[in-house]
Structures are given as C-alpha cells and as structure tokens.
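Below is one structure, written out as structure tokens; comments come after it.
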Amino acid sequence: MTFNRRTLLGAGLAAAALPLMQAKAAAPFVGRGAPAWYRFRFGEYEATVISDGALPLGKAEDSFVGARPGEINAMMQANFLDPANALLEQNALVLNTGRNLILFDTGMGDSMGADSQMFGPTTGRLLRNMRQAGIDPAQIDLVVLSHAHCDHCWALVDAQGNRNFPNAQVAVSEADLKYWTDEGNIRGPAFMGPFIRGATKNLNAYRDRMVMVQDGREVVPGVIAMSAPGHTVGHTIYAINSGPNVMVYTGDLAHHQVLLLRRPLLEFSFDTDPKQSAQTRARALERFANERVQLLSYHFPWPGLGRVAKEGEGYAWMPSAMDVTSLG
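Just so we're aligned: the sequence shown equals residues -25 to -1, 1 to 303 in mature numbering (1 follows the signal peptide of the UniProt record, and there is no 0).
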C-alpha cells in the first residue's frame, strides 16, 4: 500500500475519523528552533559544537566525481537525500581543557564581502552562535585550523580586517599557510582566486601569532596534529585526548556521510589533489572503524558526532546519541 492522503482516508486513518472537542484557543507557533550549539563533557574537558550554518552544494553529482553514471543519485535517493540539493553542515568545535579555550575552524564569516556568501546566505553564523552559547570570542586563546579553505578560516577577521579573536594564536600547517597565501597558485578552478585572496587576508592578520602544527606533535596538551593531505596540501586532523577518551576532529577528511563513506575513493571537486585525498580518506576510515574511534566531522549532519563502521566495500556513519539530560 502506498501511503498518501487517498489511501490513508480509505484505511480510516484520517484524523476526521474521531470527533474532537471544539478548540478553546488556537496555540500560536513558537517560531524558535533548537539552539545552534551543543555542549557535552569529554573526559575532563568541556566541548561545545557550534554551527556556522548549512552550506548548500547544489547537485551532488557535480561535486563528487568518479562514480558510475547514476550512482551518485541512486545513493542519495536510497538514503532519503535530494540529489539536486546536497547540503553540508559546518560543525566547529570549542574545547575547554581547563587550561586552554580552543576553537577548531572558524566557518565562513563575512570578511570577504560578496565572496563570503559564495555558498549562499546560510553560512557565516559561528560568531553569533558562539555568543549565544555563552562564549566570548575574546576568550579564545587558540584557533586550530584543519586547513585554509574559506569555510574554515574566513572568520578569523571581520570585513574591515580586524581580528575576531583578538587574544588568540592561530595554529595551521606550514604547507597550507604557504600555499593559500601565494598568489602564484591562482590557476585552474575559478574558486582559486577568491580562496587565496580570502586566506591571505585572514591569515596575514595573525602572522605575529602563528603556530605551525607538525604531524604527530601536540599543539597544546591533549591535542595532537595528524597530517591528512590531499583535500589541501597541508590538511590536518586532530586527535583529542582526555584520560582514556579519544576523539578525532576530522576537518574535511570526508565531506559527505553517505557518498564518501560508501565510496571512499570518490573524488571531491574542491580537493587540491583528489587522488591523494581519496587514499588518505580510505586509510583513515579503515583505522577509525577498526579502533571504533569517536569522531567529530565538520560537514556531517549536526552535530557531527559519531563513529564509522565497516559496511560492504565501504563504511556507514553511526551518529552518537545527543545527551539530552545535559540540555535542561
């Protein structure tokens, strides 16, 4: 039986089947949604996921490359997703270790005028949502970047070039810092010009407060950098440790919870080196699945917390339950 209005009426499931008492007053719509932040304890740390808003990609098959004809659309539809409107979340992390208050990635911001809305008006909300979560940007003492793309570093400064995090150092890989502030790399895809100009404006504002992350080394106690190149030359993920607890902030290791897990070797149109990115992703996912590691993925469905499990030739995303008892 197909579930539509006609079959529901015929089956006697419509609300009109039961008489209702006359309503005494219409309840107005509340008009407010859930907060765009989620706070939880991670070992001895306090973690807060902050949304920068949704990032629309458009047609999925335009961004994810290397599949058989029709395969992208079929995977999307099988998972109740619209192939014509692929949507990525932006889940930044604020980690309070008791010694440091660390922001992982900044979102789009408004530093580059019209270019800051290249993905539409639903991005660039991190600062507002951070304040609603009770976190003053001036309290951040370290901004850790997974890489220097627009949706990860363009909120370091405002439209006038002022630092949004005036007391923070910025940790980034030396490879990404050099690449994305070099105008000689403006070639190829049309997005390269805005990406490099935006990274240059945002990163140069913190040149006197830069920390170069190194593979396998602590950025601060409890946070270890792990090189994961391909999406960008210096793309980095971070292992967060508190006692026996481990969580990996994966940045842009995988952009989509279905497409790049079911098919890890697919390529993504914004990758600097798509084949290296695919190989990096495949190795990391195998390790994460084998070790059952808690992950925080920047672009997966809100709030981006979960694990990956082996499924067929790829992997499945297993979202972590939100701790609603901590919400009130």
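Every residue gets a Cβ at the ideal spot worked out from N, C-alpha and C, and that includes glycine.
{"Asked": "Exposure of A296, with buried meaning 16 or more beta-carbon neighbours within 10 Å", "Found": "exposed"}
{"Asked": "M100, DSSP secondary structure in three states", "Found": "Here residue 100 is Arg; the residue named in the question, Met, does not match the sequence. Looking at R100 - three-state DSSP - the assignment turns out to be coil, as it is neither helix nor strand."}
{"Asked": "Burial state of I212 (16 or more Cβ within 10 Å)", "Found": "buried"}
{"Asked": "Through-space distance from F15 to V299, alpha-carbon basis", "Found": "10 Å"}
{"Asked": "Cα-Cα separation, A259 to R103", "Found": "33 Å"}
{"Asked": "Of the residues G197, R238, G279, the one placed nearest Y20, counting alpha carbons only", "Found": "G197"}
{"Asked": "Proximity below 8 Å, CB of A25 to CB of A113", "Found": "Contrary to the premise, residue 25 reads as Ile rather than Ala in this sequence. No; because the gap between Cβ atoms is not below 8 Å, this pair is not in contact."}
{"Asked": "Residue from R237, H127, S121, T81 with nearest C-alpha to V194", "Found": "S121"}
{"Asked": "Close-in-space but distant-in-sequence residues of the same chain around R74 (CB under 8 Å, 5 per side omitted)", "Found": "V195, P196"}
{"Asked": "D37 vs T98 beta-carbon contact at 8 Å", "Found": "no"}
{"Asked": "For G73: DSSP bridge partner residues", "Found": "Beta-bridge pairing links G73 to no other residue."}
{"Asked": "First through last residue of the alpha helix (DSSP H) which encompasses K176", "Found": "167 to 179"}
{"Asked": "Touch test, the stretch 223 to 233 against the stretch 164 to 175, Cβ-Cβ under 8 Å, three pairs minimum", "Found": "no"}
{"Asked": "Distance between R262 and K285 (C-alpha atoms, nearest Å)", "Found": "10 Å"}
{"Asked": "Segment limits, beta strand (DSSP E) that includes I110", "Found": "Segment: none, I110 is in no beta strand (DSSP E) and carries neither H nor E."}
{"Asked": "Stretch-stretch touch, CB-based, cutoff 8 Å, three pairs: the stretch 43 to 59 with the stretch 134 to 143", "Found": "no"}
{"Asked": "Proximity below 8 Å, CB of Q269 to CB of M222", "Found": "yes"}
{"Asked": "Start-end ranges of the beta strand (DSSP E) lying completely within the stretch 180 to 221, minimum 3 residues", "Found": "185 to 188, 193 to 195, 198 to 202, 211 to 217"}
{"Asked": "Best match in P249, V147, L234 for proximity to W292 [C-alpha to C-alpha]", "Found": "L234"}
{"Asked": "Exposure label - E242; buried when at least 16 CB within 10 Å", "Found": "buried"}
{"Asked": "For Y20, the residue or residues it bridges with in DSSP", "Found": "F17"}
{"Asked": "Buried versus exposed, by CB contacts within 10 Å (16 or more), E64", "Found": "buried"}
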